[in-house]
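Numbering (the working numbering), first residue to last: 1 to 759.
Heads up, the thing below is written out as structure tokens.
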């Protein structure tokens, strides 16, 4: 008898003992009408004990009633042998070997053992690299610790070919390797997938080829037609839909111009539909995560209320996602930091909120999961007050409430620090225990693989990389905030995610575009993959290449999309676009611009207002000035009583760019200039030259320009010699062309220095 056949019989003989036969058949209403067959008896017991959907898939037809009772599943054929004593009464068919035999393929040429590979003496073939990693990750449960080589062998069998290129049913060519019971397929960024050999065998009845999909470890579509419906389920370390593993590829989303609560308070569903469609079309997204603030509406006690408006808006978002074959992850309780203890009125309000809101979406398969709270470990109670037990207790109770009201959808919690996912709470549970899918946020790309591996050692559940990304601005603010760095971070993080997670959700889809709004520029505005003008950043190509199938849903609605573009902010502090430079002045910056004569005094704005990296002070560069803004001055008790000019002087301070520009230079002593009060500065020994005194006063005097640090000199400015005088905060000069007094462009010089420093 050939050695391969002998080994095959031995492997079949050592499969685990199935559990006692169940009393009733098990059917799959969640996959109907695509799947209508049930499983029963010993086949059902074996199916349930040895891995269920992730390992075998759905039944493709009823059990055959020939000499040997068998039933074909998407990935396997199970044969019932009641004449054998357990554990030999259910055997696995050799679908891979059968498929190759049907092709009439000759035996593969023998190989020599290769370093770093597993060599199978029986077939003289190696299994290496990604295929070896996938082979060792799965196996039938034979009661051995972990996944032993024997358990992997029992599931997949021996290798029958070397890796080779084959064109599969989706029309594309992939590197594949055949085994007795499987075909491994290398789908690049998607990872190693298992072919649906049961489906391809064509012996499973009308149900074979559910939705025309090819799927495997990570899930990937092989054809354009996909069966709609099916909740996303957690099965082992995978997410599945209709019994097939799927990969999530999504983004965290706020509409451009309206992040945070403003998304909900200035609702514009048509804009969201346009932007998410672009994400689907240009990036291949199949999921979107949104964050829902708890305090959008509240009762007299300040507790959150799931108002009709909130429910309607969430329904519209679910409809938008569903129409695009995308699914939603909804993060609840955003910006909520009370985390009430058990038995309080606040806790009762939390649970009432969950019951009301989620109760409207119980049967909605467009929603993947409810995220209890976004980064609760970064809130004061945990992070600064050291009361993490109160937070953990609350998370567990809210998870229980969500599971009770929404059993069809998954529960997760998006922790900010990966190692907080396995911290034990006062009830003895960890976040990984009451989460169905484990959400982790990682912004340290270089450490992502290590963090994911450590997290995997604490859970066997599916892992979702729920946030990752990198800012590309503000311009010239921080050295590393660039599109090149973002591209590198995406490349590194997505490589780390390969084979380790069930999906990725990038932060974020679009830059928020602070310019025309009342927000300042911060790094949070610049994490997007789309620029404000709608063009894609280089990192977008990395996410586009991360393969993931569409996720069509069964639940359909036809709601009108409400809202529309809000009008621009109004009033004396509203954003004002200075068309010549393309930058805005707003709030205190707009007040300064209007009060000091705008371009005449300051020159054009050459940056937006942004947070300076070293001290988070708000600054803005103009051609002729660098200003620091102090909006917190409004909180001073005496501020409202001050006259407008003194209010302005508290709100805005000019930076001493004149002193910086002339550092190391010495100027001659002034001759023949009177030391008139208000124009002479004993600390520097210089007075404002009579040529510039009127303009010094008009421009804002000492507050605007500071003390004189030179007398009037003849200065070469960009190749033209002209009269000029330096002050701590700038330079005044007389143009030889107009003979008018102008502010020197020292702000442009300072901006050039700043940008050179960070690049």
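We put the CB at the ideal spot given by N, CA and C, even for glycine.
Treat the numbers as computed from the prediction; the structure is a model and nothing was measured.
In this structure residue 657 touches residue 730 by the C-beta definition: roughly 6 Å separates them, less than 8 Å. Every alpha helix (DSSP H) of 4 residues or more that sits fully in the stretch 412-471 is shown, in chain order, as 431-434, 448-456. Comparing alpha-carbon positions, the option among 565, 516, 500 lying closest to residue 608 turns out to be 516. For residue 705 and residue 637, the gap between their C-alpha atoms comes out near 28 Å. Between residue 528 and residue 511, the beta carbon gap of about 4 Å places them in contact (Cβ cut-off 8 Å). Note on geometry: alpha-carbon atoms of residue 383 and residue 519 lie some 26 Å from one another. Fewer than three pairs of CB atoms, one per stretch, sit closer than 8 Å, so the stretch 117-135 makes no contact with the stretch 96-105. When the beta-carbon positions are compared, residue 409 and residue 369 come within less than 7 Å of each other. By DSSP's assignment, residue 583 forms a beta bridge with 578.
The shortest CA-to-CA distance from residue 553 to any of 191, 646, 415, 286 is the one to 286.
When secondary structure is reduced to three states using DSSP, residue 131 falls in the helix class.
Excluding its 5 nearest sequence neighbours in each direction, residue 420 has C-beta neighbours in its own chain below 6 Å: 377, listed in chain order. Under DSSP, residue 374 forms a beta bridge with 414. For residue 394, the enclosing alpha helix (DSSP H) has its first and last residue at 388-405. Its Cα nearest to that of residue 128, the residue 175 stands out among 91, 95, 94, 175. As computed with DSSP, residue 175 is found in a beta bridge with 165, 186.
Here the C-alpha atom of residue 654 lies approximately 42 Å from the C-alpha atom of residue 505. When rounded, the separation of the alpha-carbon atoms in residue 62 and residue 72 is 8 Å. For residue 690, no beta strand (DSSP E) segment is defined; the enclosing uninterrupted segment is the alpha helix (DSSP H) at 690-699.
The continuous beta strand (DSSP E) containing residue 70 extends over residues 69-72.
With distances taken between CA atoms, residue 490 lies nearest to 470 out of 475, 470, 501, 508. For the pair residue 316 and residue 561, the CB atoms are nearer than the 7 Å cut-off. Look at the beta carbons and you see the stretch 342-351 touching the stretch 301-309: at least three pairs across the two are nearer than 8 Å. Check the Cα spacing between residue 602 and each of 380, 620, 551, 625: the tightest is with 625. Here residue 738 is exposed: its Cβ has fewer than 16 other Cβ atoms, across all protein chains shown, within 10 Å.
With distances taken between CA atoms, residue 438 lies nearest to 412 out of 412, 309, 426, 458. Proximity to residue 236 across 687, 334, 535, 436 peaks at 436, based on C-alpha coordinates. Residue 558 counts as exposed, since fewer than 16 other C-beta atoms from the protein chains shown sit within 10 angstroms of its C-beta. Secondary structure of residue 380 (DSSP, three-state): helix.
Taking a contact to require three or more Cβ pairs closer than 8 Å, the stretch 638-649 and the stretch 608-619 do not qualify as touching.
Boundaries for residue 667: no beta strand (DSSP E) harbours it, and the DSSP string shows neither H nor E there. In the structure shown, residue 603 adopts coil according to DSSP, grouped into three states. For residue 265, the closest alpha carbon among the candidates 715, 245, 310, 277 is that of 310. The continuous stretches of beta strand (DSSP E) do not include residue 47, which lies in the alpha helix (DSSP H) extending over residues 41-49.
Residue 684 places its beta carbon 7 Å or farther from that of residue 713.
Under the three-state reduction of DSSP output, residue 364 falls in the coil class, being neither helix nor strand.
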